[in-house]
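S.K.: Mapping to our numbering: the sequence shown position 31 is 58, numbers consecutive.
Let me give you the structure first, and then I'll get to my questions.
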Amino acid sequence: MSHDRPIPSLADEHTTLDELGPKLVRIAGAVGLVALGLAVVLGYARGDGWQSFGWSYLLGFAFFLSLSLGGLFFVAIGHVTGAVWNVVSRRLAEVTAANLATLALLAVPVMVLAHRVMPWASGESDAPAALLEAKAPFLNLEFFYVRWAIYFVIWCGYAWWFWKRSLEQDTTGDPAISVRMARKSGLCLLLFALSVSFAAYDLLMSLAPSWFSTMFGPYFFAGSFLGFMAFLTLMTFWLQGRGRLRHIIHVEHLHDYGKLMFAFVFFWAYLAFSQYMLIWYANIPEETEWFLIRQSNGWGWIGLVLVFGHFLIPFAGLLAQVAKRRKASLAFWAVWILTMHWVDLYWIVMPQWRPGGPTVEWLDLLTFVGIGGLYVAGLGRLASGRSLVARRDPRIDDSLAFENA
């Protein structure tokens with residue numbers, strides 16, 4: 028690569044939201060509250076004991092939860108590997124991860140409506156009674172609530188610790204803080220792997236209580252990190268379009284955004300195929316039932332959309348180097364991947380509620396916009412009044428000068 032590109036200076040860059048922060052909080056928060064209010068009215072009008080609302084809300088919640096979990100992984104893996112290239116982007120990931128506190132509040136409706144949505148709790152599962160009884164020590168509401176409290180303590184605890192230490196380093200410039208964050212990251216990644224896997228089992232896999240897959244946790248993680256990288260790409264472009272970080276995050280960093288999206292498109296497909304192939308080959312009724320529902324009554328078409336839209340098309344589209352170095356191209360694929368990530372979660376969740384075939388209802392859209400609005404408002408609140416880049420990280424100069432080999 029050419030080394031003629033001038034190295035940007037933090038002193039010459041706009042690295043705070045300033046007036047954009049409060050404005051973002053007001054607009055996104057208002058949109059979110061209005062959309063959720065309309066969803067509540069529509070959910071009540073359905074007269075089905077909030078089940079329709081609960082299923083739609085769970086889908087939207089899972090989508091935004093996955094983005095923040097991807098952000099936490101981005102922060103921890105960057106510290107534990109001592110990565111240089113991602114230092115200029117890490118603050119955006121720290122804010123996304125710290126927004127797990129907002130998601131902890133948004134999880135309340137999921138917990139409150141669990142007895143109406145989760146088939147093992149609502150009594151509407153068609154799984155054999157003996158199987159449900161055998162799983163009862165794990166699949167019961169009391170333990171479900173305890174586990175989710177533990178998950179959020181782990182996630183929020185680490186996310187806020189990393190964020191606060193990073194902000195402290197902005198003030199003190201102490202390089203020892205980077206060493207401390209690197210040391211903490213190893214245990215964080217271990218607890219992250221366990222908690223995210225079990226959260227995926229609880230929130231998504233248990234919607235079909237008779238089904239299980241040991242690959243489901245990694246499958247959810249792969250989609251989550253891929254979705255986060257797409258979200259980080261769009262967040263970067265949104266900020267740069269408003270005069271922030273315009274030269275700090277440059278084409279070399281964007282190239283690595285694209286490389287990670289490309290890699291995780293393939294990793295997600297590898298896990299999806301492996302999970303399907305092993306279950307298909309074993310042909311055990313308790314395992315094949317999950318896929319049979321998703322191949323019937325039109326749901327099979329959604330599966331084909333995922334084969335092409337989540338794997339083959341973005342894999343081919345991101346293969347060329349030029350696609351990963353042009354903003355317009357990278358923005359297109361980021362939007363595409365985020366859309367497919369939602370379709371993937373929709374295909375996981377909704378066949379259990381709408382086995383008659385795929386439909387997208389107003390409740391799905393309103394709960395998505397509602398949760399999304401409050402999620403974005405949370406991001407704006409966290410980022411307001413703070414630098415959007417880790418200004419005094421000891422690797423910041425190397426990150427600014429980073430070039431792909």
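Using N, Cα and C, we set each Cβ at its ideal position, and we do this for glycine too.
Are the segment 138-151 and the segment 168-178 in contact at 8 Å, needing three or more beta carbon pairs?
M.R.: Contact holds: three or more Cβ-Cβ distances are below 8 Å.
S.K.: Taking 7 Å as the limit between beta carbons, can you name the residues of its chain near residue 426, skipping five residues before and five after?
M.R.: Same-chain partners within the cutoff: 111, 112, 114 and 115.
S.K.: How far does the alpha helix (DSSP H) with residue 325 in it reach, from first residue to last?
M.R.: Premise fails: residue 325 is in no alpha helix (DSSP H) and is neither H nor E.
S.K.: Does the segment 359-377 touch the segment 288-297, meaning 3 or more C-beta pairs lie closer than 8 Å?
M.R.: Contact between the segment 288-297 and the segment 359-377 is present, because at least three Cβ pairs lie under 8 Å.
S.K.: For residue 251, does the count of other Cβ atoms within 10 angstroms reach 16, so buried, or fall short, so exposed?
M.R.: Buried: at least 16 other Cβ atoms inside 10 Å.
S.K.: Nearest-angstrom Cα distance between residue 201 and residue 420?
M.R.: Those two C-alpha atoms are separated by around 8 Å.
S.K.: Could you please give me the residues that DSSP links to residue 414 through a beta bridge?
M.R.: Answer by DSSP bridge pairing, in chain order: 43.
S.K.: State whether the segment 62-76 contacts the segment 209-222, with contact taken as three or more CB pairs (one from each stretch) at a distance under 8 Å.
M.R.: No, they do not touch.
S.K.: If you draw a straight line from the C-alpha of residue 303 to the C-alpha of residue 314, how long is it?
M.R.: Each residue's alpha carbon lies about 10 Å from the other.
S.K.: Which of helix, strand or coil does DSSP assign to residue 236?
M.R.: Note: residue 236 maps to coil in three-state DSSP.
S.K.: Under a three-way DSSP split, which group does residue 368 fall into?
M.R.: If DSSP states are grouped into helix, strand and coil, residue 368 belongs with the helices.
S.K.: Give me, in chain order, the residues of the same chain whose beta-carbon lies closer than 8 Å to that of residue 158; leave out the 5 immediate sequence neighbours on both sides.
M.R.: Cβ neighbours of residue 158 beyond the five flanking positions: 236, 237 and 313.
S.K.: When you compare the CB positions of residue 348 and residue 282, do they come within less than 9 Å of one another, or not?
M.R.: Going by C-beta atoms, residue 348 is nearer than 9 Å to residue 282.
S.K.: Since residue 246 and residue 298 are thought to touch, with beta carbons under 8 Å apart, how far apart are those beta carbons, to the nearest angstrom?
M.R.: With 8 Å as the limit, residue 246 and residue 298 qualify as a contact, their Cβ atoms being about 5 Å apart.
S.K.: Leaving out five residues on either side along the sequence, give the residues of the same chain with a beta carbon under 6 Å from the beta carbon of residue 87.
M.R.: Around residue 87: 394, 395 and 398.
S.K.: Using 10 angstroms around the beta-carbon of residue 429, count the other beta-carbons present and answer buried if the total reaches 16, otherwise exposed.
M.R.: Flag for residue 429 reads buried.
S.K.: Just to confirm the assignment, what range does the alpha helix (DSSP H) spanning residue 145 have?
M.R.: Run containing residue 145: none; DSSP gives neither H nor E here.
S.K.: Of all the alpha helix (DSSP H) runs that stay within the bounds of the segment 112-140, which reach a length of 4 or more residues?
M.R.: Counting only runs of 4 or more, we get 114-125, 127-133 and 135-139.
S.K.: If you drop the 5 nearest sequence neighbours on each side, which residues of the same chain put their C-beta closer than 7 Å to that of residue 300?
M.R.: For residue 300, where only same-chain residues beyond five positions count, there are no Cβ hits under 7 Å.
S.K.: Please classify residue 404: does DSSP put it in a helix, a strand, or coil?
M.R.: If DSSP states are grouped into helix, strand and coil, residue 404 belongs with the helices.
S.K.: Quick check: what's the CA-CA separation for residue 243 versus residue 254?
M.R.: Going from the Cα of residue 243 to the Cα of residue 254 covers about 16 Å.
S.K.: Evaluate the contact criterion for the segment 118-137 versus the segment 179-195: three or more CB pairs, one atom per stretch, below 8 Å.
M.R.: Counting Cβ pairs under 8 Å, three or more are found: they touch.
S.K.: What three-state label does DSSP hand residue 388 in the structure shown?
M.R.: Residue 388 falls in the coil class under three-state DSSP.
S.K.: How would you write the range of the alpha helix (DSSP H) that residue 291 sits in, first residue to last?
M.R.: Per DSSP, residue 291 belongs to the alpha helix (DSSP H) from 278-309.
S.K.: Quick one: is residue 173 buried, meaning 16 or more other Cβ sit within 10 Å of its Cβ, or exposed?
M.R.: Classification of residue 173: exposed, given that the 10 Å Cβ count is below 16.
S.K.: Thinking just about the alpha-carbon of each residue, which of 231, 418 and 140 is nearest to the one in residue 39?
M.R.: Of 231, 418 and 140, the residue nearest in Cα terms is 418.
S.K.: Determine the direct distance from the alpha carbon of residue 364 to that of residue 414, and round the result to whole angstroms.
M.R.: Each residue's alpha carbon lies about 28 Å from the other.
S.K.: For residue 241, which of helix, strand or coil comes out of DSSP?
M.R.: Here residue 241 sits in coil by DSSP.
S.K.: Please identify the residue among 248, 102, 432 and 280 whose C-alpha is closest to the C-alpha of residue 220.
M.R.: Of the listed residues, the one whose Cα sits closest to residue 220 is 248.
S.K.: Using three-state DSSP, classify residue 430 as helix, strand or coil.
M.R.: In this structure, residue 430 counts as coil in the three-state DSSP scheme.
S.K.: Alpha carbon to alpha carbon, how far is residue 333 from residue 309? Give it in angstroms, no decimals.
M.R.: Answer to the nearest angstrom: the Cα atoms are 23 Å apart.
S.K.: Please state whether DSSP places residue 152 in a helix, a strand or coil.
M.R.: Three-state result, residue 152: coil.
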